Amino acid sequence: MSNCNILIVGGKSVGKTVIFNQITYRSTTPRFLYPISEDTGIASWTAQGQQINIQVRDTISATPTSINATLCRNLDIILFVYSLDRKSSVEELGEWHDLIYRFIPPDVISCLVGNKCDLVTSDEGFNDSIVRIKPIIGSKHNFKVSAVTGEGIPQMVEKIARDYLTKQPRQPTGGVIVGGIRTPPGDAYCCIN
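Numbering (this note's numbering), first residue to last: 2 to 194.
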């Protein structure tokens with residue numbers, strides 16, 4: 002069985018925690034009380050006939066500046082979430098990207114996730130923002146979901162799970178950038194803050 006690590010990031014009130022609950026519990030309601038700054042959950046999903054354990058990390062109310070190497074450790078996929086009813090939420094993703102990519106290797110798969118498709122009939126006003134941010138983030142996909150209704154969540158998880166299964170295995174070389182300095186090989190993906 003494969004283990005896939007996903008980090009969910011984005012501005013406030015874009016629906017990160019509800020997406021987390023949909024992936025982890027297949028429900029909008031958590032099984033436990035909400036933590037203060039971040040949450041981690043594990044769920045089993047099937048893609049291409051293989052069962053995958055997906056560990057999901059939700060940044061909840063964290064700000065981009067609270068991102069650290071520990072939170073980004075061993076990531077395979079990052080979901081950059083924006084709200085389809087607030088255009089400024091797309092622009093905020095650039096700051097998340099800039100801070101996260103100090104701590105992760107370049108092979109991490111990035112995906113844009115437009116949430117709240119149940120509240121809007123068109124994302125037409127977002128096209129220019131998406132066109133600008135997609136290459137900055139290096140987004141492989143731009144999903145449209147509704148975390149509240151669950152619309153698009155299973156398809157999104159299946160697609161990112163397939164991407165994960167076809168991804169080349171990570172080589173433990175390089176290191177991470179800490180304070181502007183790359184750590185030596187062998188220290189790659191360590192927990193230095």
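Even glycine gets a Cβ: it sits at the ideal position worked out from N, Cα and C.
The structure displayed is predicted, hence computed values, not measured ones.
- Taking every protein chain shown into account, the CB of Leu-120 has fewer than 16 other CB atoms within 10 angstroms, so this residue is exposed.
- In the assembly as shown, Arg-133 is an exposed residue. Its beta-carbon has fewer than 16 other beta-carbons within 10 Å.
- Ala-44 is bridged by DSSP to Ile-55.
- Each residue's CA atom was taken as its position, placing Trp-46 and Ile-161 some 11 Å apart.
- The three-state secondary structure of Lys-141, taken from DSSP, is strand.
- When only Cα atoms are considered, Lys-17 and Leu-94 end up about 13 Å apart.
- Its chain contains Arg-58 as the residues whose beta carbon lies nearer than 6 Å to that of Thr-41, once the 5 sequence neighbours on both sides are disregarded; these appear in chain order.
- Taking 8 Å as the upper bound for CB-CB distance, Ile-137 and Ile-101 are not in contact here, some 12 Å apart.
- With contacts defined by Cβ atoms closer than 7 Å, Leu-76 and Leu-166 do not form a contacting pair.
- Scanning Val-158, Thr-66, Asn-143, Gly-50 for the CA closest to the CA of Cys-118 turns up Asn-143.
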